Amino acid sequence: MQLNYEVMQLKTLIITICLIVSFAARSQNKPNVVIVFMDNFGWGEPGFNGGGITRGAETPQMDKLADEGMRLTNFNVEVQCTPSRSALMTGRYAVRSGNSTVPMGEGVYGLVQWEVTMAEMLSNNGYATGMFGKWHLGRTEGRFPTDQGFDEWYGVPNSTDESTYSSLEGFDKSGLNESYVMNGTKGNTPEKIRPYRLDYRPLIDRDLTDKAMDFMERSVEDKKPFFLYLPYTATHFPTMPHPAFKGKSGNGAWADLLMQIDSYLGELQNKVKELGIEENTIFVFTADNGPEAINYNSTNLTVETSIQGSAGPWRGTLFTGFEGALRVPFVIKWPNVIKAGSVSNEIVHAMDLFPTLANLTGSSVPEDRVIDGIDMSSFFTNKTEESGRDGFIVYMGNDLFGVKWKNWKLHFEEQEAWNTVKNSYTMPRLYNLYDDPQERNNVLFPHTWVPKAALKQLEEHIISLKQNPPIPTGQSDPYEPK
Ligand SMILES: [Ca+2]
Numbered sequence: 268m269q270l271n272y273e274v275m276q277l278k279t280l281i282i283t284i285c286l287i288v289s290f291a292a293r294s295q296n297k298p299n300v301v302i303v304f305m306d307n308f309g310w311g312e313p314g315f316n317g318g319g320i321t322r323g324a325e326t327p328q329m330d331k332l333a334d335e336g337m338r339l340t341n342f343n344v345e346v347q348c349t350p351s352r353s354a355l356m357t358g359r360y361a362v363r364s365g366n367s368t369v370p371m372g373e374g375v376y377g378l379v380q381w382e383v384t385m386a387e388m389l390s391n392n393g394y395a396t397g398m399f400g401k402w403h404l405g406r407t408e409g410r411f412p413t414d415q416g417f418d419e420w421y422g423v424p425n426s427t428d429e430s431t432y433s434s435l436e437g438f439d440k441s442g443l444n445e446s447y448v449m450n451g452t453k454g455n456t457p458e459k460i461r462p463y464r465l466d467y468r469p470l471i472d473r474d475l476t477d478k479a480m481d482f483m484e485r486s487v488e489d490k491k492p493f494f495l496y497l498p499y500t501a502t503h504f505p506t507m508p509h510p511a512f513k514g515k516s517g518n519g520a521w522a523d524l525l526m527q528i529d530s531y532l533g534e535l536q537n538k539v540k541e542l543g544i545e546e547n548t549i550f551v552f553t554a555d556n557g558p559e560a561i562n563y564n565s566t567n568l569t570v571e572t573s574i575q576g577s578a579g580p581w582r583g584t585l586f587t588g589f590e591g592a593l594r595v596p597f598v599i600k601w602p603n604v605i606k607a608g609s610v611s612n613e614i615v616h617a618m619d620l621f622p623t624l625a626n627l628t629g630s631s632v633p634e635d636r637v638i639d640g641i642d643m644s645s646f647f648t649n650k651t652e653e654s655g656r657d658g659f660i661v662y663m664g665n666d667l668f669g670v671k672w673k674n675w676k677l678h679f680e681e682q683e684a685w686n687t688v689k690n691s692y693t694m695p696r697l698y699n700l701y702d703d704p705q706e707r708n709n710v711l712f713p714h715t716w717v718p719k720a721a722l723k724q725l726e727e728h729i730i731s732l733k734q735n736p737p738i739p740t741g742q743s744d745p746y747e748p749k
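For the sequence shown, the tail end lands on 749 under this note's numbering, and the numbers increase by one without skipping.
Quick look at the structure:
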């Protein structure tokens, strides 16, 4: 009898524990989402892709994240800041949203109100949404992150080259407005905090990290699932390490900067652990486009503020159609759901994160518009080995540069770097990426079957653009498709 009584007690205890565990699992049904988004950060920079020590500084935190998550070697983006961020936020090719190229003029640009961003998608599902860093999707009234689903934002509306302006001859007499660091909350016009100048340039990412950690803390206190979007600035020109890291590696400013961003990534991961939310947090580390390529002789800034980034084995830098522009480092971690230490060379595009995260968080994808992204939740959670994406269209600005399909690249146009001439070809050039990661040897003949297979997606894309005309660049609000 005594034994039976103890067994009964044990059973009751087990049932109680099961109930507590299942309640905890239910109450945490919506996983937090963190996206750490580097700027102009090439495939070859992190240790997990062969960078790190070969670039002058180890990246133990990036490498640890890769060990704990899934690493993609064929994660692709658009090749400039603005289009890449547009595609990430909307799940749509940037050409659809009128954001194919970085804005050069002073006029209205960015996302119209009609677009549904990742922040709006998650906000509609009860998420707290915070963004800390560079937006580059509009810098006029109604176009700030806090107009596009973010509850709060601290950062810069445009890009970081603008931090040099007040130091450059002639700017003060131009009549142009300086760029400001801004702070805003949903429903209010963001306030200007300070001019974005070279004095603050090395310091900003420290502040972004602190504010990001504070946002996570507050969201956990409020018992709200959160979306943290952290588009860092440090690795974009001018690349200036924080004083705490300047000279630390002994291997130059870029290696100092690698140490810095790796250290910040470690702080973020530790914060997630400390808050007890590691198992309920999807943590993504990636970048907007391939590496910077600043020719030292073409600028009056110094070697200290300019870097030649690394795309690893791939050809090209940002503003080209080559793999170096398109493929960026990528890791996604979600303990017990995404297989730790897994690696895949399946093709994935930044646009795919929108529907994939929608599925993983139980959020809704808008049905009244074309979404180019593919829901890859089965792929990310190891239910299938295939991503479901065979390829995508390669734009460079408004120009259709080519098509990627499986291990093949078909190029109609090419340019070597952001500041070189563009070559157009009457017959497209074809590269086999397995044989030729540098995209030098045109093998169109005898592989003329490849265009037949590869161009199907381009035909579909062109028909889709005809049926759903893109939003014009510079379109003002309000906008509704006709
Ligand atoms: Ca960029």
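Ideal Cβ placement from N, Cα and C applies to all residues, glycine included.
Given the structure is predicted, the values throughout are model-derived calculations rather than measurements.
As assigned by DSSP and simplified to three states, the class of residue i
i, result
"Arg363", "helix"
"Arg468", "coil"
"Met643", "coil"
"Met356", "helix"
"Thr553", "strand"
"Gly332", "Here the sequence assigns Leu to residue 332, which means Gly is not the residue at that position. Reduced to three states, the DSSP call for Leu332 is helix."
"Leu585", "coil"
"Val595", "coil"
"Asn686", "coil"
"Glu312", "coil"
"Phe417", "coil"
"Gly323", "coil"
"Met483", "helix"
"Pro748", "coil"
"Ile460", "strand"
"Thr728", "The sequence shown places His at residue 728, not Thr. Looking at His728 - three-state DSSP - the assignment turns out to be helix."
"Ser609", "strand"
"Lys650", "coil"
"Gln536", "helix"
"Ala520", "helix"
"Leu339", "strand"
Among the options, the one whose alpha carbon lies nearest that of residue i
i, options, result
"Val610", "Asn690, Asp330, Thr384", "Asp330"
"Ala263", "Thr506, Asn537, Leu532", "An answer regarding residue 263 cannot be provided, because it is not within the stretch 268 to 749 covered by the chain."
"Gly451", "Ile471, Glu429, Gly416, Ala578", "Gly416"
"Phe411", "Glu458, Thr500, Leu725, Val539", "Glu458"
"Ala592", "Glu727, Asp306, Asn444", "Asp306"
"Glu541", "Gln527, Ala511, Arg582, Met483", "Met483"
"Met388", "Trp675, Gly629, Pro580", "Gly629"
"Lys597", "Asn603, Glu613, Ile561, Thr584", "For the sequence presented, residue 597 should be read as Phe rather than Lys. Taking only the C-alpha atoms, the option nearest Phe597 is Glu613."
"Lys673", "Gln742, Asp657, Arg582", "Asp657"
"Ala625", "His616, Gly640, Arg636", "Gly640"
"Lys600", "Gly318, Gln328, Gly311", "Gln328"
"Val301", "Lys491, Phe438, Thr548", "Thr548"
"Tyr499", "Asn518, Pro508, Thr476, Phe493", "Thr476"
"Gly314", "Ile528, Asp635, Ser645", "Ile528"
"Gln734", "Lys723, Pro748, Trp675, Gln742", "Pro748"
"Thr687", "Glu382, Met398, Ala560, Asn603", "Ala560"
"Val487", "Lys538, Phe552, Met449", "Lys538"
"Met398", "Gly309, Phe494, Gly579", "Phe494"
"Ala684", "Leu585, Glu335, Gly311, Ala617", "Leu585"
Residue-level contact to chain B via CB, residue i, 8 Å cutoff
i, result
"Ile320", "Annotation note: the requested chain B is absent from the structure, which comprises a single protein chain."
Rounded straight-line distance, which links the Cα of residue j to that of residue i
i, j, result
"Gln536", "Ala554", "18 Å"
"Ile460", "Tyr447", "7 Å"
"Glu590", "Tyr376", "27 Å"
"Pro558", "Gly576", "5 Å"
"Ile605", "Ser654", "14 Å"
"Phe659", "Phe621", "16 Å"
"Tyr360", "Gly664", "12 Å"
"Ala607", "Phe647", "11 Å"
"Glu320", "Ser433", "The identity of residue 320 in the sequence shown is Ile, whereas the question assumes Glu. Each residue's alpha carbon lies about 35 Å from the other."
"Pro736", "Tyr531", "42 Å"
"Ser731", "Leu725", "10 Å"
"Met821", "Val344", "A query on residue 821 cannot be resolved here, the shown segment of the chain reaching from 268 to 749 and no further."
"Lys719", "Arg352", "31 Å"
"Asn366", "Gly409", "16 Å"
"Asn709", "Leu339", "26 Å"
"Asn573", "Gly588", "What sits at residue 573 in the sequence shown is Ser, not Asn. The straight-line gap from Cα to Cα measures roughly 22 Å."
"Trp716", "Pro633", "37 Å"
"Thr740", "Thr407", "14 Å"
"Leu443", "Glu419", "27 Å"
"Gln682", "Tyr662", "12 Å"
"Glu546", "Lys650", "19 Å"
"Val369", "Val379", "16 Å"
"Lys723", "Leu355", "24 Å"
"His678", "Ile638", "25 Å"
Nearest-angstrom beta carbon gap, residue j and residue i [assumed within contact, 8 Å]
i, j, result
"Val615", "Asn556", "Contact doesn't hold; Cβ gap of about 15 Å is too wide."
"Thr623", "Asp635", "In fact, because the Cβ distance is near 20 Å, the residues do not count as touching under 8 Å."
Report all residues for which the CB-ligand distance to some heavy atom of ligand 1 is below 5 Å; order them along the chain.
Around ligand 1, the residues whose beta-carbon falls short of 5 Å from at least one of its heavy atoms are Asp306, Asn307, Cys348, Asp555, Asn556, given in chain order.
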